[in-house]
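Undergrad: To convert, count from 1 in the sequence shown and add 91; that's this note's numbering. Just so it is clear, CB atoms sit at the ideal spot from N, CA and C, and this is done for glycine as well.
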Amino acid sequence: MGATLDEILNSHRTGRVVVMGILNVTPDSFSDGGRFLAVEAAIARARAMLDEGADVIDVGAESTRPGSQRVGADEQIARLREVLPAVTASGAPTSIDTTSSRVAAFALDAGAAMINDVSAGREDPDLLPLAASHSAALVLMHMLGQPKTMQADPQYDDVVAEVRGFLAERLAAAASAGVDVEKCIVDPGIGFGKRLEHNVSLLAGTSELCGLGRPVLIGASRKRFIGQLTGQDDPDQRVPGTIAACLAAWRQGATIFRVHDVGAVAQAMTVAQAIEKRNASENSYA
Numbered sequence: 092m093g094a095t096l097d098e099i100l101n102s103h104r105t106g107r108v109v110v111m112g113i114l115n116v117t118p119d120s121f122s123d124g125g126r127f128l129a130v131e132a133a134i135a136r137a138r139a140m141l142d143e144g145a146d147v148i149d150v151g152a153e154s155t156r157p158g159s160q161r162v163g164a165d166e167q168i169a170r171l172r173e174v175l176p177a178v179t180a181s182g183a184p185t186s187i188d189t190t191s192s193r194v195a196a197f198a199l200d201a202g203a204a205m206i207n208d209v210s211a212g213r214e215d216p217d218l219l220p221l222a223a224s225h226s227a228a229l230v231l232m233h234m235l236g237q238p239k240t241m242q243a244d245p246q247y248d249d250v251v252a253e254v255r256g257f258l259a260e261r262l263a264a265a266a267s268a269g270v271d272v273e274k275c276i277v278d279p280g281i282g283f284g285k286r287l288e289h290n291v292s293l294l295a296g297t298s299e300l301c302g303l304g305r306p307v308l309i310g311a312s313r314k315r316f317i318g319q320l321t322g323q324d325d326p327d328q329r330v331p332g333t334i335a336a337c338l339a340a341w342r343q344g345a346t347i348f349r350v351h352d353v354g355a356v357a358q359a360m361t362v363a364q365a366i367e368k369r370n371a372s373e374n375s376y377a
């Protein structure tokens with residue numbers, strides 16, 4: 092049975108693993124652009140991910156891949172108009188992946204319960220107040236620059252410390268706008284203005300981000316750094332690397348995993364949790 096919104100927002104306390112399925116209603120997303128642009132295909136994909144064990148469906152109508160062009164609110168809403176109500180009708184918590192308050196307002200009115208903002212409320216000044224007024228859950232993500240230019244030359248002195256500091260500041264900004272911090276989730280933004288070494292460091296240092304006291308979301312699915320490590324150029328063939336990244340972050344305390352391959356990741360997490368539970372039980376009698 093899928094997670095409730097309350098279970099998702101308390102997953103850092105309970106250890107419950109949450110699998111967030113990616114539904115890109117776009118022509119140009121890096122891995123699955125164009126596959127689910129048709130309404131029927133998008134709805135079928137959402138249902139398939141729920142059957143595979145998705146706890147949340149994250150619906151986006153604008154690609155934020157490196158080098159992507161921005162898409163206006165009207166176009167995003169047009170892409171979402173028929174898809175989003177059908178997804179929310181499934182009963183599972185639905186997230187809207189957008190930086191636009193207009194798009195987020197449309198999605199919340201259509202039944203979405205969560206806003207996933209890659210700009211962490213910086214791009215549209217109305218987004219944080221909107222989240223507050225709707226008591227919506229809110230994902231705050233770190234991104235260096237803008238999608239079009241973020242991979243040009245990302246530089247950090249200490250990527251884990253700097254990302255942690257940014258996320259702490261955005262949590263404070265959300266609170267100042269009236270958002271209940273207990274409804275916030277933080278995301279280090281794997282692949283968003285990071286080199287290979289930055290992504291690896293963030294996954295290895297996830298426990299530092301957990302120190303912020305909010306659930307940590309990891310979005311490493313099929314991303315370029317996996318291809319850089321393995322030599323695999325086809326994003327569809329990066330599922331094993333995705334699972335490895337999710338498991339590594341889970342061992343560091345992350346609980347929410349935004350992925351394309353819901354069934355594979357959910358299965359891996361189920362096995363890993365069973366082993367961990369047995370270890371904990373045996374150690375308690377040692």
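Please list the terminal residues of the continuous alpha helix (DSSP H) segment that includes arginine 255.
TA: Residues 250-267.
Undergrad: Considering only residues of the same chain and omitting the five flanking positions on each side of alanine 415, which have a CB-CB separation below 8 Å?
TA: Since the first residue of the chain shown is 92 and the last is 377, residue 415 is not available in this structure.
Undergrad: Measuring only the C-alpha atoms, how far is alanine 295 from proline 118?
TA: So the alpha carbons of these two residues sit roughly 33 Å apart.
Undergrad: Just checking, does the stretch 210-226 make contact with the stretch 250-270 on the three C-beta pairs under 8 Å criterion?
TA: Touching, yes.
Undergrad: Where glutamine 358 and aspartate 97 are concerned, what is the direct C-alpha to C-alpha distance, given to the nearest angstrom?
TA: Computed Cα separation, rounded: 23 Å.
Undergrad: When the Cβ atoms of the stretch 291-309 are set against those of the stretch 274-282, are three or more pairs found closer than 8 Å?
TA: A contact exists between the stretch 291-309 and the stretch 274-282.
Undergrad: Using the Cα positions of leucine 114 and arginine 136, report the straight-line distance between them to the nearest angstrom.
TA: Spanning the two alpha carbons is a distance of roughly 7 Å.
Undergrad: Ignore the nearest five residues each way along the sequence and tell me which others in valine 272's own chain have a CB closer than 8 Å to its CB.
TA: Excluding positions up to five away in sequence, the list reads Leu262, Ala265, Ala266 and Arg305.
Undergrad: For phenylalanine 121, does the three-state DSSP call read helix, strand or coil?
TA: Low confidence applies to phenylalanine 121: its pLDDT is 48, below 50, so where it sits in the model is not reliable enough to give any reading.
Undergrad: So, are the CB atoms of leucine 320 and alanine 259 less than 9 Å apart?
TA: No, the pair does not count as a contact, with Cβ atoms beyond the cut-off.
Undergrad: Tell me which residues share the same chain as serine 372 and place their Cβ nearer than 7 Å to its Cβ, disregarding the 5 neighbours each side in the sequence.
TA: So the list is empty, once near-sequence residues are dropped.
Undergrad: Along the chain, where does the beta strand (DSSP E) containing methionine 232 start, and where does it finish?
TA: Element bounds for methionine 232: 228-232.
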